[in-house]
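Residue numbers (this note's numbering), protein chains in the order written: chain A, 260 to 566; chain B, 260 to 566. C-beta atoms are modelled at their ideal positions from N, C-alpha and C, and glycine is treated no differently.
There are 2 protein chains.
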Amino acid sequence: MSVLIVGSVALDSVATPYGKVDDALGGSATYFSLAARLFSPDVNVVAVIGDDFPEKHTQMLLGKGINLDGLMTSEGKTFRWAGKYSEDFGDPETLDTQLNVFETFAPVLPEHYCGSSFVFLGNIDPTLQRQVVKQVKSPMLVAADTMNFWIEGKLDELKALLSDIDMLLINALEVRMLSGNKSLLAGARDVLKMGPEILIVKRGESGVMVITEDDIFVLPAYPIEQVVDPTGAGDSFAGAFMGYLASRGKIDFVELKRAVVAGSIVASMNVEGFSVHKLAELTIDDIAARMKEFREITSFTVPEFDL
Amino acid sequence: MSVLIVGSVALDSVATPYGKVDDALGGSATYFSLAARLFSPDVNVVAVIGDDFPEKHTQMLLGKGINLDGLMTSEGKTFRWAGKYSEDFGDPETLDTQLNVFETFAPVLPEHYCGSSFVFLGNIDPTLQRQVVKQVKSPMLVAADTMNFWIEGKLDELKALLSDIDMLLINALEVRMLSGNKSLLAGARDVLKMGPEILIVKRGESGVMVITEDDIFVLPAYPIEQVVDPTGAGDSFAGAFMGYLASRGKIDFVELKRAVVAGSIVASMNVEGFSVHKLAELTIDDIAARMKEFREITSFTVPEFDL
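Here it is in structure tokens:
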């Protein structure tokens, strides 16, 4: 089944204790689509680039089988972000943000995208996210990302969006902001009451939590040897998650858990390299091997107690 | 098999956003022994109290079947600690520490303790920890806790201790301090090279990691509804861990993983109440039920990929 991502394509300048890159390929739609195509052959991108965007990047994405019919080129410069991560790899220090052509981005779906089954609304203005929802016809799953900026600045629009979607993907701080509840579990239940049936809580080095009305799943982070560049962790997670589900064509809790594992594994590999360098080279065999290893290092049995 | 704990018995005054207690029963040996006795009937305590220590506390511990032959009473006041936790339940603010009789604590094991099979050295001066190791005869497992204070102030003694023990239990920050390595996984391997065969890394809300030369196990934290008082989480973890292993009488990686799960579950229940209130009332049935539930909410299967 087909996957749709609406988000950003950017040129990122990132410095970490392990090196730096300048004007490297980035953006939520980029990470998402490169992760999703590992599982699903039919990935549709909606985003905007400037007329300065290097042709080699579009060629690379096309070469991976990603559909760029919805990638508009506008007059002006491509969205640019510059940031710096410290040794603890917490939130980066933003050194520069130039929205450029992204400032007037109004996502319009090519006609043949409107039947996409698995729709992901990257972290953009909830007003735009709602416009995308209106354009898709009978999707199987509509999921959205958001952030503190929209929770603080566009809460009414965001709440309206929550009624329109099936799944929300946010971090633990955002659960607390959105719910006003200090307990993560109670706060997550409050967010479910706002509309989405599935909530995925990204917890960084604490892993991921999935919660629905009836089920819960907690997964630790895969223990990687060395984070090199955390940029795109959330978007590569989301791409693998949605791509995996699209490849199965069904959504039940067994498949949701596997999708979360697939997402975690792809994100863990993405952050082992700068920009999309590692992500672009991954194969499904690499992922399958690490998923099996992850199961081995997390599984346990419960003894019978006869005291 | 028998369990030995050498540590503190204290009177704690703790304030959290959910309430406060004054001069409540605390100390590493208290939490440890109350957790260990849930699994193992033979738990031996070595600690010191002052002549002001309330008789009701010793009666409660004796009533739980804990052996207090090694609990010395010295002239003076019992060790007291006062602290305050904020809403995020990070490290507490220490308001007051009165070592009192604990200042001159020199652990001497009663003769019938010296054959204990599972020995836990609570977080005290590594010089004293080493004195305990010299007193035990052919233990099956010797484990120790330590902290940043000893890593900074008594590194040589601590390193000597590491050659004497089988297992070390520390947090992620302490792994980094001890190894000088920023990567948790690489740092953990460095610590293993210092002597212990098993390293348990306590990661708070990120869960627990166990690492040996050949194996690794990562477990998320059990998602509790509401932390009320985190005091004693590490010590109740350690007590349940050692008590569980003692009840099985063998140490292999299957049992180590189960011991970590038992420890996590008991710690998760302990922090749902102030002081030892919840811990003292637990039964093995409560624990077995939550262990099973924990397995359900953490287990997943890996699909076959046929792309």
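Residues that residue i contacts on chain A, provided the C-beta gap is smaller than 9 Å
| i | result |
| --- | --- |
| residue 484(B) | 442, 444, 445 |
| residue 516(B) | 558, 559, 560 |
| residue 307(B) | Correct list: empty, because the minimum Cβ distance to chain A is about 30 Å. |
| residue 280(B) | Ordered by position in chain A, no residue passes the 9 Å Cβ test against residue 280(B), which lies about 20 Å from the chain. |
| residue 535(B) | Correct list: empty, because the minimum Cβ distance to chain A is about 20 Å. |
Cross-strand partners of residue i (DSSP beta bridge)
| i | result |
| --- | --- |
| residue 387(A) | Partner(s): none; residue 387(A) has no beta bridge. |
| residue 278(A) | 275(A) |
| residue 430(B) | 461(B) |
| residue 501(B) | The partner list for residue 501(B) (beta bridge, DSSP) is empty, contrary to what the question assumes. |
| residue 402(B) | 379(B), 426(B) |
| residue 469(B) | 459(B), 476(B) |
First and last residue of the uninterrupted alpha helix (DSSP H) at residue i
| i | result |
| --- | --- |
| residue 510(B) | Counting along the chain, residue 510(B) falls outside any alpha helix (DSSP H), and DSSP gives it neither H nor E. |
| residue 407(A) | 407–412 |
| residue 450(B) | 443–452 |
| residue 424(B) | First-last for residue 424(B): undefined, no H or E at that position. |
| residue 545(A) | 543–557 |
| residue 538(A) | 536–540 |
Enclosing beta strand (DSSP E) for residue i [first to last residue]
| i | result |
| --- | --- |
| residue 271(B) | 269–275 |
| residue 377(B) | 377–380 |
| residue 361(B) | Neither: residue 361(B) is in no beta strand (DSSP E) and is coded neither H nor E. |
| residue 476(B) | 475–478 |
| residue 265(A) | 262–265 |
Proximal chain A residues relative to residue i, where beta-carbon distance stays under 7 Å
| i | result |
| --- | --- |
| residue 403(B) | Under the 7 Å cutoff, chain A gives no residues; its nearest Cβ is about 23 Å from residue 403(B). |
| residue 464(B) | 465 |
| residue 268(B) | Within chain A, no residue comes near residue 268(B); the closest Cβ sits about 25 Å away, beyond 7 Å. |
| residue 367(B) | Simply none; closest approach about 31 Å. |
Per-residue contacts from residue i into chain B (C-beta, under 8 Å)
| i | result |
| --- | --- |
| residue 551(A) | 561 |
| residue 478(A) | 479, 557, 559 |
| residue 520(A) | 559, 561 |
| residue 475(A) | 482, 556 |
| residue 530(A) | Under the 8 Å cutoff, chain B gives no residues; its nearest Cβ is about 13 Å from residue 530(A). |
Cβ distance (whole Å) where residue i is taken to contact residue j below 8 Å
| i | j | result |
| --- | --- | --- |
| residue 535(B) | residue 372(B) | Actually they do not touch by this definition, with Cβ atoms about 22 Å apart. |
| residue 348(B) | residue 489(B) | 5 Å |
| residue 404(A) | residue 382(A) | 4 Å |
| residue 494(B) | residue 287(B) | 4 Å |
| residue 455(A) | residue 427(A) | 4 Å |
| residue 479(B) | residue 478(A) | 6 Å |
| residue 379(B) | residue 267(B) | That belief does not hold up - the Cβ atoms of residue 379(B) and residue 267(B) are roughly 13 Å apart, past 8 Å. |
| residue 482(A) | residue 468(B) | 7 Å |
| residue 280(A) | residue 533(A) | 5 Å |
| residue 499(A) | residue 460(A) | Actually they do not touch by this definition, with Cβ atoms about 17 Å apart. |
| residue 503(A) | residue 492(A) | Contact flag wrong, Cβ pair sits at about 17 Å. |
| residue 420(A) | residue 385(A) | 5 Å |
Neighbour list for residue i in chain A, Cβ cutoff strictly below 8 Å
| i | result |
| --- | --- |
| residue 554(B) | 559, 560, 561 |
| residue 346(B) | 441 |
| residue 525(B) | Ordered by position in chain A, no residue passes the 8 Å Cβ test against residue 525(B), which lies about 13 Å from the chain. |
| residue 434(B) | What residue 434(B) touches in chain A: nothing, since even the nearest Cβ is about 12 Å away. |
| residue 450(B) | What residue 450(B) touches in chain A: nothing, since even the nearest Cβ is about 15 Å away. |
Under 9 Å from the C-beta of residue i: neighbouring residues of chain B
| i | result |
| --- | --- |
| residue 508(A) | Simply none; closest approach about 12 Å. |
| residue 459(A) | Near residue 459(A) there are no residues of chain B at all, since even the closest Cβ is about 14 Å away, more than 9 Å. |
| residue 302(A) | Simply none; closest approach about 13 Å. |
| residue 378(A) | Within chain B, no residue comes near residue 378(A); the closest Cβ sits about 22 Å away, beyond 9 Å. |
Amino acids of chain B, ordered along the chain, whose beta-carbon sits closer than 7 Å to that of residue i
| i | result |
| --- | --- |
| residue 468(A) | 482 |
| residue 547(A) | 564 |
| residue 395(A) | Within chain B, no residue comes near residue 395(A); the closest Cβ sits about 25 Å away, beyond 7 Å. |
### Query
Which runs of the beta strand (DSSP E) fall wholly inside the region 281–358 of chain B and span at least 3 residues, in chain order?
302–309, 326–333, 339–343, 352–357
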